[in-house]
Structure formats: C-alpha cells, structure tokens
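Visitor: Take this structure first; my questions come after.
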Amino acid sequence: MLSRVADSLYWMSRYLERTEHTARLIGVGLTQILDQTPQAIAPRWGRLLAALHVEPPETGLDDPQAITRLLTTDAANPASLVSCITLARENARQVREQISSEMWEHINQLYLRMRAATIEQIWHDEPVEFYQMVKERLHLIQGITDATMNHGEGWRFIQVGRYLERIWATTLLLEVFFQPYLNGEESAIDSIDWVVLLKSCTAFEAYCKVYTADVQPAQIAEFLLLNAESPRSIRFAADQLQDSLEQISQLAGGRHAGRAERLAGRLRAQLDYGQVDEIIAGDLPLFLRQIRQQCTAIHEAIYQAYITYPIEQALLR
Amino acid sequence: MPDATIPLVGQPPFEQYTLTGAYDEMFAPDGSVRPAYAELARRLSALSREELQQRQRYADLTFLNQGITFTVYGNESGTERVFPYDLIPRIITADEWQQIERGLSQRIIALNHFLRDIYHDQQILRDGVIPRELVYSCRHYRREMRGLPVPRGVYTAIVGTDLVRLPDGQFVVLEDNLRVPSGVSYMLTNRAVMKRAFPRLFGAHGVRPIDHYGQALLATLRALAPDHRPEPTIALLTPGVFNSAYFEHTFLARQMGIELVEGRDLLAHDNVVYMRTTGGLRRVDVIYRRIDDDFLDPMVFRPDSVLGVPGLLNAYRAGNVVLANAIGTGVADDKAIYAYVPAIIRYYLGEEPILPNVPTYLCDRPDERTYVLEHLDELVVKAVGESGGYDMLIGPHSTREQQAQFAERIRANPRNYIAQPTLQLSCAPCFIDGMIEPRHVDLRPFILFDGEATTIVPGGLTRVALRRGSLVVNSSQGGGSKDTWVLY
C-alpha cells in the first residue's frame, strides 16, 4: 500500500471519529441544558468546549445558539463539525479508489448535508435530532466501512486512526470532569454531570449493566479507563490499536515497526493491569496526560515506520 | 403508412423542437423520426414531463452524491462542479459505427507511424510531405525523444478523437487528442446512471456494452511493459485532487485495480522508478501518466514542476519504465499538423482516409493568413497547441473587438493559429428546463492501440453545448454530456 494512501486513510478515519465525538458531545450537552437554570448552563458549556479544545466564543457561554454555531457550521473553527467532515472527505477523496464506493458516497453525502446546514435552520427544526442524525450517519459510515472494505492493511490503518483518536478524545473528556472533582470543587460536578459524562461516551447503559445506576466517580473512571469489553473504554481502544499495528506490521511485508508496536503494547499492558484505586490515589489527570503523550509517540513511530521513512534506509534492504 | 404511435416533430413531447440547417440525429428533414430513434421517441411520448423531470433529478442527484465532478480553473466559488448530464441518449447505428471504427483505427495507426518516423529517420520530412520547420516549431515536439526506441513502436496508446457530424450526415474529425485525453469515465458513468434511470429502455434497443473499457485499457498497458518484467507493476500517475480530471483518475485506477500515484509517491534511483509503500520501495514498470510532458520531470522539463518525478526521463531512456502515452506525442495533435493527417495516412498506409478532415487554413502560410484575417467573422480560429476550448475565436458569435484582438495575435504569431469554417454541428434532442429541445453535439470515441491492433469500445462521450445555439461543447465552457448508444 502506498505510504500516502495509508496516511490519508489514517487521517480520514481520525476526522470521522472526531466528527462523531463532537456531534455526540453537542447532542448530549443540548439535552442536558433543557432543564437547567441559566447559571448552571455556562460552566457545562465551558466543560464541553474544553473537552473539544475549543476557546469559548466572544459572546460568552450563555448563548447556546452561538456556541453550537461555533461547533457546527463555523468553517473558521478547525474543530467544528463542518471543518472535521470537510477534512475527512478531503482525505477520502485522495484515496477514492482505495475505499469502497459506498463509503465514499456516504461520506460525501454527509459533507454535502453539513455544508448546506445553517445554525438557524438547525435550531428552527430540532437541534437534538440534527446531532443525532450526524452521529447516526457516522455510525452508518463506520458500519459500511467494516462491511464493504477488505479487512486488509488499509482497513487496519483506519482502525489505528479511529482508536488513537478515541483514546485522545476520551482522556481529554475524563480530565475535564475529574480535574475539578479531584481538586475538591465538589459542587462543580453533580450526579447529573456524571451521567452526562457517561452519555457523552454512549456508555451510560453499558455502565448500568456492570455497576447498576449507582453513579460513582471511581467506578466511572474504572469503566471508561479499564473496562475490557466496552468499545468506548480506553483499554478496549488500546487493545484494538495494538492488534491493528501488529497486523499492519505483518501485512506490510516484514518491515520493522518495532517501536510503534512496542509503544502500543506498553500502553495496553498499563491498562490491562491497571488498578483504578491506585490510579485515582496517584494523579489521575497526570495519568491521562501521559496516555496522550504515549499516543503522540505512537503516531510518530507509525510515521517513521510506514510513511516518512528515509529513502536510504529503504534502499538498503 | 406512417406509424401513428411515433410522434413527429412539433407533436408532444417535441412541441418545442425545431429543425435547423444542422443534421438532426433524431429527426429526418421531413420531421419524421429516424428508424434508429423510433422506439426511443415512442417511449419518450409515453412519459409525462413530470416523470422525465423526476428521472433527471434522480440522475443529477446520483452524480452529486457520487461526487462525479470536475474542477473549473479560475473560478473561486467552489472548485468542484457536477458535469451536467442529459437524460436522452444519442444513438449511433451499426453501419455508422463501423465506418467510424475503421476510420479511427486507420488514423491512429498512421499517426503512430508518423511519430516513430519524426523521432527517428524523418523520412516524411525528407520526402517533403510535411515542411520540416512546421514540425520543429511545434511546441510539443520533444528533441529528447530523438532516436529513442519505445516499446512496440507505440507512441500514443490511449487516444480520444473528436468527431462532429456535418449537415450531410458525414462524420468528420475535428481534432485528435494524443497526449492525455480525458472523458472516458463520463462515458462509463453516463451509461451506469442511464441504466438506473431507464432500465427498461435498454432491452428494447439492443445497445452494445462498453463496460469492458477498464480491462481493455489494462491489457493495453500490460502489452507495453518491458519484456524482462513479466509481472509488471502498473500505476496511474495523477497530478492530484486539484486536477480537473481527478475523478476520472480515481475511477480508472479502481476499474483496473492499479495503484493511483502522485509524483510525490514515486522516486527514481539508479534509473529505476519506485513507489513509496508502507512495506518499503516497490518497483514500477508502466506508468499511465495523466500529467503533461512539461511537468513529468523537473530535471528535464519545467524545473518548477512539483507534480513530476526527478530522474523519470533517465529511467525512461534506460528502458526501465514505460510511459503511456510516450513523451512528445503532442507534435501529432498540433492543429497545424492536423491539416496534414490525410497526407500522413496516404504516405504511411497508402490508403485514402476513411474519415475526412475539416478544411483548415494555416495562418503560417501568407495567402491563407490573408484569407483568415479577411474572414474572421465567419471562421473558427484556434491556437495550435491548446485544448479544452481555450484561446479560441468563433467568428459568427464574436464581437468586432474580439476579432481585432485575434487579428493582432495571429499577426504576432501566425504559426500558433489555424482557422476552420464554422461548422454546423449536428443536433440531438436534450431535456432542458422541462422541454425537449435540440442542442449541438459532438462525439469523442476512445481508441486504444497496443502496437498490433486497435480497440475501440462501441460508444464514446457525446458532449452537448447546453446553451441554445452554442457550438462549444467543452466541459470547461458550459458543456454537458449524454449517454451514447451504439446499436447491434
């Protein structure tokens, strides 16, 4: 597989995951503010923006329409839905002959739908539905990807992009909730917020099956960090990441990708054998930041092994 | 006894249809439907306008959703545009097709002889059939190709030749595209969309299939591979997503199952071309390049090109990689050389041309130039090395000012311009704003040549000048296209 193609598939996948994550957070956020006092809304929007690495708009945090515009249709904001889907589509367009026609058509349709959307129209119609629609379309794209594309090297790069992005986004989200909680700002995060955190990961129902509806911060941390079965947990994502990197190393024909695999394996082992009480007793935000640093290192190792390797080295083989 | 179920011109759904001096593909001069179109006319009259509109919308949406677009240069508002598609197919009978096929085959074989001769012995120049300076002054003549053998003597393997139909019904060649012709993906997708929009129409007609183009193209490229590479790696070289034909590049790469590469994916080392893959460097044997000569190798041609591969030409010269089409084929589709193609056919094949040329005035010849300058309001003037409808004057549709501009350009650089009479392109029925109206069309069939035989899939791209009365069919100038049916 061409290095450039692997690069595009990887980024296409990351941007699709990011689009889905953003749409999901906005959808959950909007539902939550429906029955809140205006004073309670602002910090929640603030958290949502922080989890997406977006600066609050100049108009402040008490205008939901302005915030959703910033996150949805504002092409000047690189984290907005329209920016993310545009980049996903641009990468897909670069590798159109590699992905299935069905994948391309659905990515293109969502892009066209997103380009045509205005925030006024979204609010006029039914905003929660809109974000639900975006999320569902992305699930559809993921399903089509798995159902129509060969599960070969290209698909593995898509997996790598998806799970690296998921680990990154989930650690950021956890940090935004746990930092104020662990700092003792107890009033800042109430039980409704913990439910929001779970729902923001589409994990509330899955959590209840394990722990019942008894919402405890430590259990939430355990579930989202260390659960082996939830596709939303960081451990699950790390498992998938390492599997895919191993597969790529075999499929690409024996090139040494030792570093990327080793880094992913270490991350996985850390989560496989991690204890939530120890992690919380230590420094959870630091732990989350370190996971993100590991993601960056894995990303760089993948690039060195498969994408931007020096030509002299390749000729020697 | 006329068949009452077949409508005449002026009857629904053709109430807005008028016959002009041009040859009409569907109607005979007396207003009756030509036999090949009878079944289509009957079906069209059975459909309501709403049904037609509904199918047109469906087809348009299919193109948009599939992202079947082309890029318009110099237009800032959204660079991608859907290629307008017309619902009503253009029909070519088996007899008409047979003549086209023979004529194109003859022409492409002769032009390949010509290219080999020009870059080797130059017999045709020594015999005085073509003036030497005309060849050397051609912008696309490449002295780097002198004396260089190319596999199987094939210079131009992939060709798209533009035909138009004159008022007497005769097909003539308007121009050859021997460098990097495009449009074949629209031929194929038009057919696919047509099958979805009008599934029942096909069965009643007996339309010859065109779907095997991808396999035929792959077979042609394989045939050109170096002999010592029995399992050749073939790649399609694209300038990238910003190129107007990028959709086509991805489409063809997928149809053939070959790698789509950009210049930055390739590198030349020790006169061998490699592509950069996740598993290391992999050797490339045949490149179907969709990049102009100028941009292929910055070490030889334009040094500012970032689309090409430094060192590619040396690898090519060493015989380690094959380019299709070869470098320097543009000398044979220069519009001044075009005027000599009938002579070229006679010279190499000893045959009379089956498909005639359009009369052409070379502005380089003083007497012809004088004639052209005096008749700018009647003639079509074209720059010799351009394509896509750029740098062109259509006399009868031009202003005095434009004519004066062109007169100046011709005087400044006569070698660069030719002129032809303004042709009455034939008309075909098109579905426009809810009505069926005649529009001018041309035809671009796609020819493949592997050194032994030519392959022409039965059909081609019928391009439509969508503006009423317009004669310009280029997609960059507001043209559209329609499905083209060659009947059994």
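Protein chains in written order, with this note's numbering: chain A, 740 to 1056; chain B, 2 to 489. Yeah, the Cβ is synthetic: ideal placement off N, Cα and C, and Gly gets one too.
(1) Counting only beta-carbon atoms, is residue 1 (chain B) nearer than 9 Å to chain A?
(2) Which residues of chain A have a Cβ atom closer than 9 Å to the Cβ of residue 260 (chain B), listed in chain order?
(3) What I want to know is whether the C-beta of residue 171 (chain B) ends up closer than 8 Å to one or more non-hydrogen atoms of the ligand GTP.
(4) Which term fits residue 244 (chain B), buried or exposed, when burial requires 16 or more other beta carbons within 10 angstroms of its beta carbon?
(5) Hey, would you say residue 325 (chain B) sits closer than 9 Å to residue 159 (chain B), going by beta carbons?
(6) Per DSSP, what kind of secondary structure is residue 270 (chain B) in: helix, strand or coil?
(7) Curious, which full-length alpha helix (DSSP H) runs of at least 4 residues does the segment 172-241 of chain B contain?
(8) Using DSSP bridges, identify the partner residues of residue 429 (chain B).
(9) Mind the definition here: the segment 200-208 of chain B touches the segment 252-269 of chain B only if three or more C-beta pairs lie below 8 Å; say whether that holds.
(10) So, with DSSP's three-state summary, where would you put residue 494 (chain B)?
(11) According to DSSP, simplified to helix, strand and coil, what is residue 956 (chain A)?
(12) Taking residue 844 (chain A) as the query, report the chain D residues whose CB atoms sit under 8 Å from its CB, ordered along the chain.
(13) Have a look at B:212, B:307, B:439, B:480 and flag the residue whose alpha-carbon is nearest the alpha-carbon of residue 25 (chain B).
(14) Measuring only between beta-carbons, confirm whether residue 194 (chain B) sits less than 9 Å from chain A.
(15) DSSP three-state call for residue 482 (chain B): helix, strand or coil?
(16) Spell out whether any CB of chain B is found under 9 Å from the CB atom of residue 840 (chain A).
(17) State the DSSP-derived secondary structure class of residue 20 (chain B), mapped to helix, strand or coil.
(18) Does the Cβ of residue 49 (chain B) have 16 or more other Cβ atoms within 10 Å, making it buried, or fewer, making it exposed?
(19) Does the count of Cβ pairs from the segment 452-468 of chain B and the segment 385-405 of chain B closer than 8 Å reach three?
(20) Taking Cβ positions only, does residue 254 (chain B) come closer than 9 Å to chain A?
(21) Leaving out five residues before and five after residue 751 (chain A) in sequence, what residues of the same chain have Cβ atoms less than 6 Å from its Cβ?
(22) Using the Cα positions of residue 92 (chain B) and residue 486 (chain B), report the straight-line distance between them to the nearest angstrom.
(23) Between the Cα of residue 43 (chain B) and those of B:30, B:313, B:22, B:12, spot the shortest distance and give me the residue it belongs to.
(24) For the segment 1007-1026 of chain A, which residues have a CB atom closer than 7 Å to at least one CB atom of chain B, in sequence order?
(25) Strictly under 9 Å for the Cβ-Cβ distance: is residue 992 (chain A) near chain B by that measure?
(26) Per DSSP, which residues does residue 130 (chain B) bridge with? Please list them.
(27) Start and end of the alpha helix (DSSP H) containing residue 57 (chain B)?
(28) Looking only at its own chain, which residues have a Cβ that is under 8 Å from the Cβ of residue 930 (chain A), when we skip the five neighbours before and after it?
(29) Could you tell me whether the Cβ of residue 875 (chain A) comes closer than 9 Å to any Cβ of chain B?
(30) For residue 300 (chain B), return the contacting residues in chain A, with the cut-off set at a CB-CB distance below 7 Å.
(31) Count the other CB atoms within 10 Å of the CB of residue 184 (chain B); is the residue buried (16 or more) or exposed (fewer)?
(32) Could you say if the segment 766-780 of chain A and the segment 882-896 of chain A meet the contact criterion of at least three C-beta pairs nearer than 8 Å?
(33) Please name the residue or residues paired with residue 362 (chain B) in a DSSP beta bridge.
(34) Are the C-beta atoms of residue 832 (chain A) and some chain B residue less than 9 Å apart?
(35) With a threshold of 9 Å between beta-carbons, can residue 188 (chain B) be considered close to chain A, or not?
Guide: On the basis of the supplied data:
(1) In this structure chain B extends from 2 to 489, so residue 1 (chain B) is not present and cannot be described.
(2) By Cβ distance, chain A contributes 740, 741, 744, 836.
(3) No copy of the ligand GTP appears in this structure; indeed no ligand is present at all.
(4) It counts as buried.
(5) In contact: residue 325 (chain B) and residue 159 (chain B) (Cβ atoms closer than 9 Å).
(6) If DSSP states are grouped into helix, strand and coil, residue 270 (chain B) belongs with the strands.
(7) Within the segment 172-241 of chain B, the alpha helix (DSSP H) runs of at least 4 residues that lie entirely inside it are, in chain order, 185-198, 200-204, 214-224.
(8) Per DSSP, the beta-bridge partners of residue 429 (chain B) are B:440.
(9) As far as the Cβ criterion goes, the segment 200-208 of chain B does not touch the segment 252-269 of chain B, which means the pair count is below three.
(10) Outside the shown range of chain B, which is 2 to 489, sits residue 494 (chain B), and nothing can be said about it.
(11) In the structure shown, residue 956 (chain A) sits in a helix (DSSP, three-state: H, G or I).
(12) No chain D appears in the structure shown, which is made up of the protein chains A and B.
(13) The option with the nearest alpha carbon to residue 25 (chain B) is B:439.
(14) Answer no: the Cβ-Cβ gap between residue 194 (chain B) and chain A never drops below 9 Å.
(15) Secondary structure of residue 482 (chain B) (DSSP, three-state): strand.
(16) Under the Cβ distance rule, residue 840 (chain A) counts among the residues neighbouring chain B, one pair being separated by less than 9 Å.
(17) Coil, per DSSP.
(18) Around the beta carbon of residue 49 (chain B), fewer than 16 other beta carbons lie within 10 angstroms, which makes this residue exposed.
(19) At 8 Å Cβ cutoff, the stretches do not touch.
(20) Judged by the 9 Å Cβ criterion, residue 254 (chain B) is in contact with chain A.
(21) Excluding sequence neighbours, residue 751 (chain A) sits near 827, 830, 831.
(22) Distance between the alpha carbons of residue 92 (chain B) and residue 486 (chain B): 5 Å.
(23) The residue with the shortest Cα to Cα distance from residue 43 (chain B) is B:12.
(24) So the list is empty, because no residue satisfies the distance condition.
(25) With 9 Å as the cut-off, residue 992 (chain A) counts as an interface residue toward chain B.
(26) Beta-bridge analysis with DSSP links residue 130 (chain B) to no other residue.
(27) Counting along the chain, residue 57 (chain B) sits inside the alpha helix (DSSP H) bounded by residues 50-66.
(28) Around residue 930 (chain A): 954.
(29) Taking CB atoms only, residue 875 (chain A) has no neighbour in chain B less than 9 Å away.
(30) Result: empty, since nearest Cβ-Cβ is about 17 Å, beyond 7 Å.
(31) With at least 16 other beta carbons inside 10 angstroms of its own, residue 184 (chain B) counts as buried.
(32) The segment 766-780 of chain A vs the segment 882-896 of chain A: no contact.
(33) Answer by DSSP bridge pairing, in chain order: B:420.
(34) Against chain B, the CB of residue 832 (chain A) has a partner CB under 9 Å away; the residue lies at that interface.
(35) Not closer than 9 Å to any Cβ of chain A, the Cβ of residue 188 (chain B) fails to qualify, so no.
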